[in-house]
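K.L.:
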Amino acid sequence: PFISENKVGAQHPQYVVRPFIDKIKHFQETANGLIKIMTFAPEVEGAKEALETYKDDIIFSIGHTVATYEEAVEAVERGAKHVTHLYNAATPFQHREPGVFGAAWLNDALHTEMIVDGTHSHPASVAIAYRMKGNERFYLITDAMRAKGMPEGEYDLGGQKVTVQSQQARLANGALAGSILKMNHGLRNLISFTGDTLDHLWRVTSLNQAIALGIDDRKGSIKVNKDADLVILDDDMNVKSTIKQGKVHTFS
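Using the UniProt record's numbering, read the sequence shown as starting at 1 and increasing by one per residue.
1) Given this structure, state the Cα-to-Cα distance separating residue 72 from residue 127, to the nearest angstrom.
2) So residue 27 is in the alpha helix (DSSP H); what residue range does that whole segment cover?
3) Note the first and the last residue of the continuous alpha helix (DSSP H) segment covering residue 193.
4) Pull up the DSSP beta-bridge partners for residue 232, would you.
5) Examine chain C for any beta-carbon lying closer than 8 Å to the beta-carbon of residue 240, and answer yes or no.
6) Distance, Cα to Cα, residue 212 vs residue 103?
7) State the start and end residues of the unbroken alpha helix (DSSP H) segment that holds residue 209.
8) According to DSSP, what are the bridge partners of residue 44?
9) Could you work out which residue in 47, 42 and 251 is closest to residue 100 when comparing CA atoms only?
10) So which of 189, 206, 228 and 250 has the shortest CA-CA distance to residue 236?
11) Cα-Cα, which of 154, 158, 175 and 159 is closest to residue 165?
12) With H, G and I counted as helix, E and B as strand and the rest as coil, what does DSSP make of residue 94?
13) What is the C-beta distance between residue 79 and residue 51, in whole angstroms, given that I count them as a contact (C-beta under 8 Å)?
14) If you reduce the DSSP assignment to three classes, tell me which class residue 163 lands in.
15) Apart from the five residues on each side of it in sequence, which residues of its chain come closer than 6 Å, Cβ to Cβ, to residue 119?
16) According to DSSP, simplified to helix, strand and coil, what is residue 14?
17) Report the three-state DSSP secondary structure of residue 250 (helix, strand or coil).
18) Beta carbon of residue 112, beta carbon of residue 86: below 8 Å?
19) Restricting to Cα atoms, I'd like to know which of 225, 185 and 208 is closest to residue 238.
20) Taking C-alpha atoms, which residue in 245, 194, 234 and 202 lies nearest to residue 218?
21) For residue 58, I'd like the list of residues in its chain whose CB is within less than 8 Å of its CB, leaving aside the five on either flank, ordered along the chain.
22) Helix or strand or just coil, what does DSSP make of residue 144?
23) Mind checking which residues open and close the alpha helix (DSSP H) that includes residue 169?
24) Under the DSSP definition of a beta bridge, which residues are partnered with residue 113?
25) Over the uninterrupted alpha helix (DSSP H) stretch that includes residue 199, give me the two end residues.
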């Protein structure tokens, strides 16, 4: 909830609060230390102090923000490592004000997420971001809400009504409310948008995230002694089966 009131996206405005150290401490204690990544707006009150205090324990991800380029760069210098769903709910690139997008493109320290559904960002914008960040600093995400895989209709998102129609989830005001994207469809889109191949792109769905979370010793890739959690896809990225802890689950 530590975001800008000017870029709430599909978040409920009444839950937006400031990232004061005591508040983060309370959340982390309540979660038994399980909070690993947190979106924040670096320009809001308390953000700098929170970042400096918790940067070694939590990945601070710049998002839902009206930060300038300079504010975003300062956040990186203070320890921010990540950008939440690049291009969405943040300051855009302009030639006189590069904004968060410009900071994300130029800073190798910043790893970037993207919702690759063809709606949240134009295919060319996805290709630009991937070319700038490369396959080791790019994370494919879905940002999917509870309506994923469900019929068209009305759903709830944090107390707000969401209408799902034509493969899009939107609030009553027309704003996108996350997505209903499936990960394998996002990968299919990414291959199409970038022209890159699966032997380069596979890691943006798994290994990059595992490395960021510090669990790549057992997750994120296929190696001896790693967890046998796998997804089997056909040539068109349709899921044929999954393997969870070595047990095969097949889909018709």
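In this text, a Cβ means the ideal position worked out from N, Cα and C, and glycines have one as well.
P.N.:
Here's the rundown:
1) By one-based count along the sequence shown, residue 72 stands at place 72. By one-based count along the sequence shown, residue 127 stands at place 127. The C-alpha of residue 127 is placed about 22 Å away from the C-alpha of residue 72.
2) One-based indexing of the sequence shown puts residue 27 at position 27. 21 to 30 is the extent of the alpha helix (DSSP H) around residue 27.
3) Taking the first residue of the sequence shown as 1, we reach residue 193 at position 193. Here the alpha helix (DSSP H) through residue 193 covers 183 to 194.
4) Here the question's residue 232 lines up with position 232 in the sequence shown. DSSP lists 241 as the bridge partner or partners of residue 232.
5) The chain labelled as chain C is not found in the depicted structure, where only one protein chain is given.
6) Indexing the sequence shown from 1 puts residue 212 at position 212. Indexing the sequence shown from 1 puts residue 103 at position 103. When rounded, the distance between both Cα atoms is 19 Å.
7) As a first step, residue 209 must be located in the sequence shown, where it is residue number 209. For residue 209, the enclosing alpha helix (DSSP H) starts and ends at 207 to 213.
8) In the sequence shown, counting from the first residue as 1, residue 44 sits at position 44. Per DSSP, none; premise fails for residue 44.
9) Counting from one through the sequence shown, the residue named residue 100 turns up at place 100. The alpha carbon of residue 100 has as its nearest neighbour, out of 47, 42 and 251, the alpha carbon of 42.
10) Indexing the sequence shown from 1 puts residue 236 at position 236. Looking only at 189, 206, 228 and 250, the smallest Cα-Cα distance to residue 236 is reached by 189.
11) Here residue 165 corresponds to residue number 165 of the sequence shown, with the count starting at 1. Out of 154, 158, 175 and 159, 154 has the C-alpha closest to the C-alpha of residue 165.
12) Translated into positions along the sequence shown, residue 94 becomes position 94. Looking at residue 94 - three-state DSSP - the assignment turns out to be strand.
13) Taking the first residue of the sequence shown as 1, we reach residue 79 at position 79. Taking the first residue of the sequence shown as 1, we reach residue 51 at position 51. Under the criterion of beta carbons closer than 8 Å, residue 79 and residue 51 qualify as touching, at roughly 5 Å.
14) Position 163 of the sequence shown, counting from 1, holds the residue named residue 163. It is a strand residue.
15) For the purposes of this step, residue 119 is taken as residue 119 along the sequence shown, with counting starting at 1. Around residue 119: 168.
16) Residue mapping note: residue 14 aligns to position 14 of the sequence shown, counting from 1. Looking at residue 14 - three-state DSSP - the assignment turns out to be helix.
17) Here residue 250 refers to the residue found at position 250 of the sequence shown. Three-state DSSP puts residue 250 in a strand.
18) By one-based count along the sequence shown, residue 112 stands at place 112. By one-based count along the sequence shown, residue 86 stands at place 86. Yes; because the gap between Cβ atoms is below 8 Å, this pair is in contact.
19) Mapped onto the sequence shown, residue 238 falls at position 238. Checking every option, the nearest Cα to that of residue 238 belongs to 185.
20) On the sequence shown, residue 218 is found 218 positions in, with the first residue counted as 1. Ranking the options by Cα distance to residue 218, first place goes to 245.
21) Your numbering for residue 58 matches position 58 in the sequence shown. Only 24, 28, 35, 36, 37 and 38 meet the Cβ criterion.
22) Your numbering for residue 144 matches position 144 in the sequence shown. Correct three-state label for residue 144: strand.
23) Residue mapping note: residue 169 aligns to position 169 of the sequence shown, counting from 1. Unbroken run through residue 169 is the beta strand (DSSP E), 168 to 171; no alpha helix (DSSP H).
24) As a first step, residue 113 is located in the sequence shown; it is residue number 113 there, counting from the start. BP columns for residue 113 point to 139.
25) Translated into the one-based positions of the sequence shown, residue 199 becomes position 199. Residue 199 -> alpha helix (DSSP H) spans 198 to 201.
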